[in-house]
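Structure record follows, encoded as structure tokens.
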Amino acid sequence: DAMVIQNPRYQVTQFGKPVTLSCSQTLNHNVMYWYQQKSSQAPKLLFHYYDKDFNNEADTPDNFQSRRPNTSFCFLDIRSPGLGDAAMYLCATSRYTSGNEQFFGPGTRLTVL
Amino acid sequence: GEDVEQSLFLSVREGDSSVINCTYTDSSSTYLYWYKQEPGAGLQLLTYIFSNMDMKQDQRLTVLLNKKDKHLSLRIADTQTGDSAIYFCAESPLSGSARQLTFGSGTQLTVLP
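Residue numbers (my numbering), protein chains in the order written: chain R, 1 to 113; chain H, 1 to 113.
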């Protein structure tokens with residue numbers, strides 16, 4: 001049973017055209033994370049939500065925004081995608097109080113034309 | 001800041017043991033993890049070790065931690081072709097509002113028949 005679901009798995013957008021990536025979870029976890037992973041690189045944390053509290057990483061560009069309307073869903077909005085934003089975007093969740101494991105979704109591969 | 005380093009590539013013959021090494025710099029690291037990423041997929045947690053442990057074994061996987069040298073290794077016994085993937089070492093500190101992970105750059109394991 002899928003626990004962290006990302007839609008779509010593949011997304012193609014045009015340079016400068018806003019795009020939204022979606023993540024949902026069935027684990028009822030407190031924390032949801034968004035990572036950017038470029039080819040042959042480690043995942044890089046963009047931001048995370050601890051419940052409704054948004055925590056942005058210092059070096060995350062303003063072009064990247066996030067929304068978490070409820071416990072289950074979290075969205076990544078890229079306002080004006082550039083060619084350098086082409087990457088795999090990974091969503092993850094964790095339950096802060098009970099463990100140390102982050103559960104990852106399968107990722108969304110973003111292509112910018 | 002925290003830094004986690006891994007060698008980029010490892011090739012082994014099917015049936016041999018694989019040893020993937022990782023070094024980290026953050027002395028406050030509390031949890032150390034090994035994640036596996038297959039092509040086009042998200043990250044799957046394989047195992048983790050708490051920093052007060054030296055060794056953890058889980059079926060074919062053995063994790064060794066040398067806290068003094070800040071060195072972590074993952075040994076895969078009887079390596080199979082299905083073990084071919086990228087393996088990420090990651091660490092998280094005790095403090096923080098959520099389990100922040102710092103990943104290494106990943107080791108590409110190739111299992112030769």
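Glycine included, each C-beta is placed from N, C-alpha and C at the ideal position.
All figures in this text were calculated on a predicted structure; none of them were measured in a lab.
Between residue 112 of chain R and residue 13 of chain R, the C-beta gap is smaller than 8 Å, which places the two residues in contact.
In this structure, the straight-line span from the alpha carbon of residue 35 of chain R to that of residue 72 of chain R is close to 17 Å.
In this model, residue 105 of chain H and residue 43 of chain H are separated by some 13 Å (Cα to Cα). If you check each beta-carbon in the segment 21–41 of chain R against every beta-carbon of chain H, the ones closer than 7 Å belong to 31, 41. Taking the CA atoms as reference points, residue 74 of chain R sits about 42 Å from residue 15 of chain H. Residue pairing of residue 29 of chain R in beta bridges, as defined by DSSP: absent, with no partner found.
Around the beta-carbon of residue 110 of chain R, 16 or more other beta-carbon atoms lie within 10 Å, marking it buried.
Residue 90 of chain R reaches chain H at 42, 43, counting residues in chain order whose Cβ is nearer than 9 Å. If you ignore the 5 residues before and after residue 108 of chain H, its C-beta comes within less than 6 Å of the C-beta of 9, 86, all in its own chain and listed in chain order. When C-alpha distances from residue 91 of chain H are compared across H:111, H:82, H:78, H:70, the shortest belongs to H:70. The criterion of a C-beta distance shorter than 8 Å is not satisfied by residue 79 of chain H and residue 113 of chain H. Beta-carbon to beta-carbon, residue 24 of chain H and residue 4 of chain H are separated by about 5 Å, close enough to satisfy the 8 Å threshold. Annotation: Cβ neighbours of residue 106 of chain R in chain H (cutoff 9 Å, chain order): 40, 41, 42.
Exclusion of the five residues before and after residue 65 of chain R leaves 77, 79 as the residues of its chain whose Cβ lies within less than 7 Å of its Cβ.
Each of R:45, R:102, R:52, R:29 was checked against the Cα of residue 68 of chain R, and the nearest Cα belongs to R:52. Restricted to the segment 50–106 of chain H, the beta strand (DSSP E) segments that are unbroken, complete and at least 3 residues in length are 55–58, 61–66, 71–76, 85–93, listed in chain order. DSSP places residue 62 of chain R in the coil class of the three-state scheme, outside both helix and strand. With fewer than 16 other CB atoms across the displayed protein chains lying within 10 angstroms of its CB, residue 77 of chain H is exposed.
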